[in-house]
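The block underneath contains the structure these notes are about, expressed in structure tokens.
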Amino acid sequence: MPVKIGIPRALLYYNYFPLWNGFFKALGIEVKVSSRTTKAVLDKGVKQAVDDACLPVKLFFGHVIDLRDSGVDFLFIPRMVSVERKAYICPKFLGLPDMVRHNIPDLPQIIDVTVNMSRNEKNLFKALAGAGKQLGKSGFAIRKAFKRGIEEQERFHRLNRLGFLPHESIEQMENGLLDQNFPPNLSREMTIALVGHGYNIYDQYISMNLIEKLRQMGVNVVTPDNLVDDLIEERSGELPKRMFWTLGKRMIGSAFHFMRSDHIDGIIHVASFGCGPDSFTGEIIERHLRRKRRVPLLNLTIDEHTGEAGVITRLEAFVDMIQWRRAAQ
Ligand code: SF4
């Protein structure tokens with residue numbers, strides 16, 4: 042029986058799953074992803090996580106428990122420090138393997154290699170090579186598997202640039218659908234940019250199916266993942282000081298781009314309750330927009346108690362307001 046490694050469907054799953062999946066599969070390892078988020082998965086995470094953790098971290102705990110109960114041999118929880126030169130991921134990611142290890146009993150072995158590309162981007166290979174070695178694989182097999190992982194990640198980015206959202210791109214890749222399938226959101230009359238962490242906006246349960254709800258209201262949805270990294274970097278350069286925090290920089294850079302694009306009718310900023318960085322990211326976007334006064338903005342903060350009815354009412358009111366605004370112009 043092949044060795045089975047568990048990857049939680051949470052946090053950076055929406056950014057790096059194709060790389061991790063391609064790498065482990067090429068090593069002959071079976072990859073098991075946790076179930077989709079449900080109330081039960083979230084409740085288990087909330088119960089086990091420390092009270093002051095943000096919602097996405099609590100949810101991550103729920104997905105780890107789901108994998109533990111499914112009987113995987115290993116859990117892949119990399120310690121994500123930095124994914125680009127001279128910029129860092131939120132500190133919560135640094136301590137994630139330790140938080141999980143000390144709060145959830147009876148876990149299988151955790152592979153918690155450190156990814157720190159702040160000084161050298163080759164460190165990504167070093168981290169995955171460390172994971173491959175822990176699984177008893179040879180240097181040759183690891184190099185081949187890494188190449189495969191990178192190819193998968195590049196294909197994922199290409200699909201996102203075509204207009205698919207990351208959860209759709211992953212599904213396309215997993216189910217072997219055609220890359221040419223027309224992206225589902227490019228044919229409607231109104232376009233709204235959804236700016237938030239991938240782990241909030243693409244998780245259907247946590248986001249209360251925000252993307253589908255908007256599409257049902259006749260809205261195209263675009264997100265930072267549809268943009269090329271260089272554009273986001275360039276736009277974030279409008280800040281008086283370079284931002285050293287990758288996730289916030291991506292949100293601010295893409296919001297700055299969307300707010301001056303003729304194709305964007307409104308921006309929704311989705312923040313997590315309990316997230317310090319999100320609160321100042323939202324504030325910067327709001328201030329910038331107020332000065333430009335061009336695109337309407339809706340700020341949505343979600344937590345484990347957010348009611349779906351309230352979110353739908355706010356979305357409907359936002360979409361109606363954009364329509365009235367357009368009619369009046
Ligand atoms: S950026 Fe915010 S939501 Fe994301 S892990 Fe850090 S504290 Fe949590």
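For the sequence shown, our numbering begins at 42 and goes up steadily by one.
We treat Cβ as the ideally placed atom computed from N, Cα and C, and that holds for glycine.
The structure displayed is predicted, hence computed values, not measured ones.
A check of alpha carbon separations from GLY259 across ASN267, LEU268, MET231, LYS282 identifies MET231 as the nearest. For PRO337, the closest alpha carbon among the candidates SER313, MET300, GLY190, ASP344 is that of MET300. Check the Cα spacing between PHE297 and each of SER277, PRO281, GLN364: the tightest is with SER277. Put simply, the backbone Cα of GLN257 is about 26 Å away from that of GLY323. For the ligand SF4, no non-hydrogen atom lies closer than 7 Å to the CB of ASP147.
Around the beta carbon of GLY190, 16 or more other beta carbons sit within 10 angstroms, so the residue counts as buried. By the neighbour-count definition (other C-beta atoms within 10 Å, threshold 16), MET158 is a buried residue.
Under the rule that a run must span 4 or more residues, the alpha helix (DSSP H) segments found entirely inside the segment 129–154 read 132–135, 137–144. Contact annotation: SER76 and ASP114 have beta-carbon atoms that are not nearer than 8 Å. In this structure, DSSP gives LYS73 an extended state, which the three-state scheme calls strand. Nearest C-alpha to ARG335 among GLY86, ARG366, LEU356, PRO318: ARG366. Taking a C-beta distance under 8 Å as the contact criterion, MET292 and PRO265 qualify as a contact pair.
Applying a distance threshold of 5 Å between residue Cβ atoms and the heavy atoms of the ligand SF4 selects CYS95, PRO97, CYS131, LYS133, SER313, CYS316, PRO318, given in chain order.
Along the segment 149–203, the alpha helix (DSSP H) occurs as fully enclosed runs of 4 or more residues at 164–175, 180–203, listed in sequence order.
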